[in-house]
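Our numbering puts the first residue of the sequence shown at 24, with every later residue one more than the last. Every residue, glycine too, gets a C-beta built ideally from N, C-alpha and C. Shown next, in structure tokens, is the structure this report addresses.
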Amino acid sequence: MPNSSSTPNNNDKPQLPVISQSELQDLMKKHGQPAFRAKQVIDWRNKGVLNPDAMKNIPGELRHILNAELICEPLRLVRRECSVDGTRKYVFALNRPRFSGKMVESVLIPEQSRGTVCISSQVGCVLDCPFCHTGTQGFEANLTAGEIVAQVLMIKADLHNEPLAGDLHNEVTHIVYMGMGEPLANETGLHDSLIALLSDDGLKLSRRRITVSTSGLVPQINRLGEAFNVNLAISLHSAIDSLRDTLVPINKKHPLKQLRDCLNRYSLGKQRHITLEYVLLKETNDREEDIRALIDFVNPERERVNLIQFNPYPGSPYDGSSKEHMSKFAQQLISKGIRATVRRSRGQDIMAACGQLKAETSKE
Ligand code: SAH
Ligand code: SF4
24 MPNSSSTPNN NDKPQLPVIS QSELQDLMKK HGQPAFRAKQ VIDWRNKGVL NPDAMKNIPG
84 ELRHILNAEL ICEPLRLVRR ECSVDGTRKY VFALNRPRFS GKMVESVLIP EQSRGTVCIS
144 SQVGCVLDCP FCHTGTQGFE ANLTAGEIVA QVLMIKADLH NEPLAGDLHN EVTHIVYMGM
204 GEPLANETGL HDSLIALLSD DGLKLSRRRI TVSTSGLVPQ INRLGEAFNV NLAISLHSAI
264 DSLRDTLVPI NKKHPLKQLR DCLNRYSLGK QRHITLEYVL LKETNDREED IRALIDFVNP
324 ERERVNLIQF NPYPGSPYDG SSKEHMSKFA QQLISKGIRA TVRRSRGQDI MAACGQLKAE
384 TSKE
């Protein structure tokens with residue numbers, strides 16, 4: 024794995040969400056502060072406290088140093104919406120000079136035994152899958168590693184300040200890169216954020232609890248596997264090249280055969296599998312020939328299929344398949360020995376479900 028490092032943003036200051044303890048120690052040394060202060064700052068940071076003024080046990084002088092030397096809060100919370108099912112959607116604005124006002128969204132999906140945070144990697148997306156709300160927005164910016172990790176930290180702090188009602192889990196245990204953007208098209212931001220999330224002085228998450236979802240950038244998937252070997256989800260959506268060229272246009276560059284070879288090479292531990300995501304679009308990719316092609320494509324030993332209900336957004340050009348048809352589709356896969364699940368949509372009432380994320384980038 025590459026060495027841990029914080030990613031400078033456009034004015035080159037290190038960012039608190041991803042800085043390592045040793046980098047902070049160097050900073051303490053430079054300013055004549057005792058080394059143990061670095062650990063105190065890291066402890067606050069890992070709890071999601073990014074504003075030095077809220078770090079109760081550090082002296083005023085150090086707060087001043089942190090504010091001057093680091094980008095402490097790369098994001099600002101603009102809005103939070105809570106769904107009836109406990110899902111929370113967060114809208115964050117970037118705190119960068121040229122991009123202030125640009126926004127990204129993150130979603131907390133709580134269950135009884137886990138808390139999953141779905142994070143964004145870009146403002147908009149470089150790709151333009153026609154069924155995806157983010158794709159219609161165009162590309163505006165790659166997030167820095169600090170901005171990616173800040174989403175997780177700020178949600179952690181929010182959960183601490185305002186725990187969920189009922190028996191829902193109040194910790195962030197799992198991370199999925201399934202928010203706005205194509206994480207593998209922002210390789211620097213993705214890799215540096217993974218280093219911070221996995222590191223011992225960061226959130227110390229296991230790579231089994233992190234999933235990167237991609238539309239299928241083959242060389243980048245290979246590099247992700249070699250460097251981090253986190254869980255992989257592929258937005259497949261069709262196993263027929265001519266249709267996938269339309270639904271997931273990156274297929275024109277990396278067609279199914281290339282993707283197949285790449286998935287065969289992705290290293291998996293015991294009990295792990297690759298997830299193939301398949302959003303069911305009525306009379307588009309839910310026909311008999313689509314099922315047959317999918318059955319031929321999947322390697323049931325290493326892969327499972329996650330059928331996703333299409334989440335409409337204003338002006339979306341597709342309809343979703345009916346619930347009955349989705350179950351039938353799943354049954355046909357299962358009868359061929361393929362593990363298939365139907366993803367329950369969460370947070371639809373607050374437009375927080377898959378593919379619905381599109382921040383109102385200019386108005387606040
Ligand atoms: N860019 C990455 C990750 C973000 S999209 C990728 O494409 O994998 C996260 C998931 O939501 C992908 O599987 C994507 O195909 C799916 N998705 C996009 N728009 C959707 C919609 N309108 N309804 C349901 N799922 C959608
Ligand atoms: Fe981008 Fe993923 Fe949406 Fe495609 S599905 S436009 S890759 S965010």
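Alpha carbon of residue i to alpha carbon of residue j, nearest angstrom
{"i": "residue 127", "j": "residue 116", "result": "7 angstroms"}
{"i": "residue 366", "j": "residue 96", "result": "34 angstroms"}
{"i": "residue 77", "j": "residue 36", "result": "21 angstroms"}
{"i": "residue 58", "j": "residue 269", "result": "56 angstroms"}
{"i": "residue 169", "j": "residue 216", "result": "7 angstroms"}
{"i": "residue 165", "j": "residue 356", "result": "37 angstroms"}
{"i": "residue 109", "j": "residue 189", "result": "9 angstroms"}
{"i": "residue 348", "j": "residue 333", "result": "13 angstroms"}
{"i": "residue 85", "j": "residue 56", "result": "8 angstroms"}
{"i": "residue 256", "j": "residue 186", "result": "30 angstroms"}
{"i": "residue 358", "j": "residue 179", "result": "41 angstroms"}
{"i": "residue 80", "j": "residue 67", "result": "10 angstroms"}
{"i": "residue 61", "j": "residue 140", "result": "27 angstroms"}
{"i": "residue 226", "j": "residue 51", "result": "22 angstroms"}
{"i": "residue 352", "j": "residue 114", "result": "35 angstroms"}
{"i": "residue 302", "j": "residue 152", "result": "12 angstroms"}
{"i": "residue 75", "j": "residue 195", "result": "22 angstroms"}
{"i": "residue 70", "j": "residue 242", "result": "35 angstroms"}
{"i": "residue 239", "j": "residue 87", "result": "44 angstroms"}
{"i": "residue 318", "j": "residue 295", "result": "20 angstroms"}
{"i": "residue 245", "j": "residue 285", "result": "7 angstroms"}
{"i": "residue 249", "j": "residue 346", "result": "39 angstroms"}
{"i": "residue 154", "j": "residue 267", "result": "12 angstroms"}
{"i": "residue 234", "j": "residue 290", "result": "14 angstroms"}
{"i": "residue 204", "j": "residue 281", "result": "22 angstroms"}
{"i": "residue 387", "j": "residue 123", "result": "Here residue 387 scores only 31 on pLDDT, less than 50, and its place in the model should not be relied on; the value that follows carries that caveat. Cα to Cα, the separation comes out at about 11 angstroms."}
{"i": "residue 90", "j": "residue 104", "result": "30 angstroms"}
{"i": "residue 118", "j": "residue 73", "result": "13 angstroms"}
{"i": "residue 389", "j": "residue 354", "result": "Any property of residue 389 remains undetermined from this structure, which presents the chain solely from 24 to 387."}
{"i": "residue 29", "j": "residue 237", "result": "Confidence at residue 29 is low in this model, with a pLDDT of 40, below 50, so its placement is unreliable and no value can be given for it."}
{"i": "residue 320", "j": "residue 44", "result": "45 angstroms"}
{"i": "residue 98", "j": "residue 202", "result": "16 angstroms"}
{"i": "residue 120", "j": "residue 63", "result": "29 angstroms"}
{"i": "residue 331", "j": "residue 339", "result": "16 angstroms"}
Beta-carbon separation (whole angstroms), residue i vs residue j, contact threshold 8 angstroms
{"i": "residue 131", "j": "residue 102", "result": "Residue 131 to residue 102, Cβ: 14 angstroms. No contact."}
{"i": "residue 137", "j": "residue 183", "result": "The Cβ separation is near 17 angstroms, so there is no contact."}
{"i": "residue 370", "j": "residue 106", "result": "4 angstroms"}
{"i": "residue 230", "j": "residue 253", "result": "5 angstroms"}
{"i": "residue 125", "j": "residue 92", "result": "With 8 angstroms as the limit, residue 125 and residue 92 do not qualify as a contact, their Cβ atoms being about 25 angstroms apart."}
{"i": "residue 293", "j": "residue 344", "result": "About 34 angstroms separates the two Cβ atoms, so there is no contact after all."}
{"i": "residue 336", "j": "residue 307", "result": "Incorrect: roughly 16 angstroms between the Cβ atoms, too far for contact."}
{"i": "residue 158", "j": "residue 150", "result": "6 angstroms"}
{"i": "residue 323", "j": "residue 361", "result": "5 angstroms"}
{"i": "residue 100", "j": "residue 177", "result": "6 angstroms"}
{"i": "residue 363", "j": "residue 310", "result": "Not quite, the Cβ-Cβ distance comes to about 17 angstroms (not below 8 angstroms), so this is no contact."}
Boundaries of the alpha helix (DSSP H) in which residue i is found, first to last residue
{"i": "residue 394", "result": "Look at the range of the chain in this structure, 24 to 387, and you will see that residue 394 is not part of it."}
{"i": "residue 51", "result": "44-53"}
{"i": "residue 285", "result": "279-288"}
{"i": "residue 306", "result": "It is not in any alpha helix (DSSP H) - residue 306 carries neither H nor E in the DSSP assignment."}
{"i": "residue 243", "result": "241-250"}
{"i": "residue 63", "result": "59-70"}
Beta strand (DSSP E) segment containing residue i, residue limits
{"i": "residue 197", "result": "197-200"}
{"i": "residue 302", "result": "297-303"}
{"i": "residue 126", "result": "126-133"}
{"i": "residue 324", "result": "Residue 324 -> no beta strand (DSSP E), and no H or E assigned at all."}
{"i": "residue 116", "result": "111-117"}
{"i": "residue 263", "result": "Here residue 263 belongs to no beta strand (DSSP E), and DSSP marks it neither H nor E."}
{"i": "residue 360", "result": "First-last for residue 360: undefined, no H or E at that position."}
{"i": "residue 237", "result": "233-237"}
{"i": "residue 257", "result": "254-258"}
{"i": "residue 104", "result": "98-105"}
{"i": "residue 139", "result": "138-141"}
Near ligand 2, which residues have their beta-carbon closer than 5 angstroms to a heavy atom?
148, 150, 152, 155, 157, 158, 205, 238
Given 8 angstroms, three or more beta-carbon pairs between the region 206-216 and the region 139-149
yes
Pairing CB atoms from the region 216-230 with CB atoms from the region 257-268, are three or more of them under 8 angstroms?
no
Touch test, the region 171-186 against the region 38-50, Cβ-Cβ under 8 angstroms, three pairs minimum:
yes
Between the region 270-277 and the region 309-320, are three or more C-beta pairs nearer than 8 angstroms?
no
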